[in-house]
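Trainee: Can you read through this structure? Questions will come right after.
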Amino acid sequence: RYAETGGMKCFYTNANSLIAKMDELRERVQEYDIIAVTETWAHQGITNGELSMEGFNLFRVDREDRKGGGVALYISSRYVSGLQENQNLEQFCDAVWCMVRVAEVRLLVGVCYRSPSSTEENNRRLIEMIKAAVDTTRYDHILILGDFNYPAIDFEQGMVESGSESAASEFYNVTQDLFLIQHVVDDTRHRQGNAPSLIDYVFTLEENQVEELKYEEPLGKS
Numbered sequence: 003r004y005a006e007t008g009g010m011k012c013f014y015t016n017a018n019s020l021i022a023k024m025d026e027l028r029e030r031v032q033e034y035d036i037i038a039v040t041e042t043w044a045h046q047g048i049t050n051g052e053l054s055m056e057g058f059n060l061f062r063v064d065r066e067d068r069k070g071g072g073v074a075l076y077i078s079s080r081y082v083s084g085l086q087e088n089q090n091l092e093q094f095c096d097a098v099w100c101m102v103r104v105a106e107v108r109l110l111v112g113v114c115y116r117s118p119s120s121t122e123e124n125n126r127r128l129i130e131m132i133k134a135a136v137d138t139t140r141y142d143h144i145l146i147l148g149d150f151n152y153p154a155i156d157f158e159q160g161m162v163e164s165g166s167e168s169a170a171s172e173f174y175n176v177t178q179d180l181f182l183i184q185h186v187v188d189d190t191r192h193r194q195g196n197a198p199s200l201i202d203y204v205f206t207l208e209e210n211q212v213e214e215l216k217y218e219e220p221l222g223k224s
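For the sequence shown, this note's numbering gives the first residue as 3, with consecutive numbering after it.
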């Protein structure tokens, strides 16, 4: 699934072990400018060379304390780009932020993965990190993608099917306070025996920043 933003094509996917799906990913994304991946499951034993793609610069953050998680951004080498470590001063465990310069326009791109078992403290860090990204004045546009694992939130209907004190409600309320626009409307998680759910989001601050959004086949069995 991808969002085409500002004339750039962006591809987002959950991987559930990226190293096992690199051949498929390389075949599918050559027409894109930005590729965002959650649940890479990458670690120090996997080199950048193993995850590299010709024509792209790789920015990755691995989960260091235990298996799973991890996020990555691939930015086309046609554009000037750079890691923005100061956008995650809260140290939310699975996020990577990059600046992409298109002509004179500076785009901040972030990809996040929030585990279903995320702690209350980590949930707070996610909210503070997103607040900081929206509040920064160093960029012209912002694009936030990722798997947030909040199936109780219904952005289209403007409601949360959980208690008002729940983590899902707190996250939803913050996105509304920040005037973030969530563009994904179709279910993105389909697993046998479970009801489909929408847990992957694409946020911007401008309605027309996403010109088209398509839902494609999953990467492998992710």
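Ideal Cβ positions, reconstructed from N, Cα and C, are used throughout, including at glycine. Just so you know, these numbers come straight off a predicted model, no measurement behind them.
What residue ranges within the stretch 47-83 form continuous beta strand (DSSP E) runs of no fewer than 3 residues, ordered along the chain?
Mentor: 58-63 and 73-78
Trainee: Can you look up Ser199 in the DSSP assignment and give me helix, strand or coil?
Mentor: Reading the sequence shown from its first residue, position 197 is the one you call residue 199. Three-state DSSP puts Ser199 in a strand.
Trainee: In the DSSP assignment, find the unbroken alpha helix (DSSP H) run with Asp149 in it and report its ends.
Mentor: For the purposes of this step, residue 149 is identified with residue 147 of the sequence shown, where counting begins at 1. That residue, Asp149, is in no alpha helix (DSSP H); its beta strand (DSSP E) goes His143 to Asp149.
Trainee: If you pair each beta-carbon of the stretch 90-106 with each one of the stretch 45-58, do three or more pairs fall below 8 angstroms?
Mentor: no
Trainee: Looking only at its chain, what residues have a beta carbon closer than 8 angstroms to the beta carbon of Tyr4, apart from the 5 residues adjacent to it on each side?
Mentor: Position 2 of the sequence shown holds residue 4. Low per-residue confidence applies at Tyr4: pLDDT is 48, beneath 50, and the placement is therefore not dependable, though the value from the model is reported in the following sentence. If we look at Tyr4 and ignore the five residues flanking it on each side, its Cβ neighbours are Lys11, Cys12, Phe13, Tyr14, Tyr34, Leu215, Lys216 and Glu218.
Trainee: Secondary structure at Gln184, three-state DSSP: helix, strand or coil?
Mentor: Along the sequence shown, read from residue 1 onward, the residue named residue 184 stands at position 182. Strand.
Trainee: Just the C-alpha distance for Arg65 and Leu75, rounded to the nearest angstrom, thanks.
Mentor: Looking up residue 65 in the sequence shown gives position 63. Looking up residue 75 in the sequence shown gives position 73. About 15 angstroms.
Trainee: Let me know if Ala105 comes out buried or exposed under the rule of 16 or more other beta-carbons within 10 Å of its beta-carbon.
Mentor: Position 103 of the sequence shown, counted from the first residue, corresponds to residue 105. Ala105 is exposed by the Cβ-count criterion.
Trainee: Can you find the residues in the same chain that come closer than 8 angstroms, C-beta to C-beta, to Glu52, ignoring five residues on each side of it along the sequence?
Mentor: Start at 1 with the first residue of the sequence shown, and residue 52 comes out as number 50. Excluding residues within five positions, the ones whose Cβ falls inside 8 angstroms are Ile21 and Met24.
Trainee: State the DSSP-derived secondary structure class of Asp35, mapped to helix, strand or coil.
Mentor: Your numbering for residue 35 matches position 33 in the sequence shown. Residue state, collapsed to three classes: coil.
Trainee: What did DSSP end up calling Arg140 once you bin it into helix, strand or coil?
Mentor: Mapped onto the sequence shown, residue 140 falls at position 138. Residue state, collapsed to three classes: coil.
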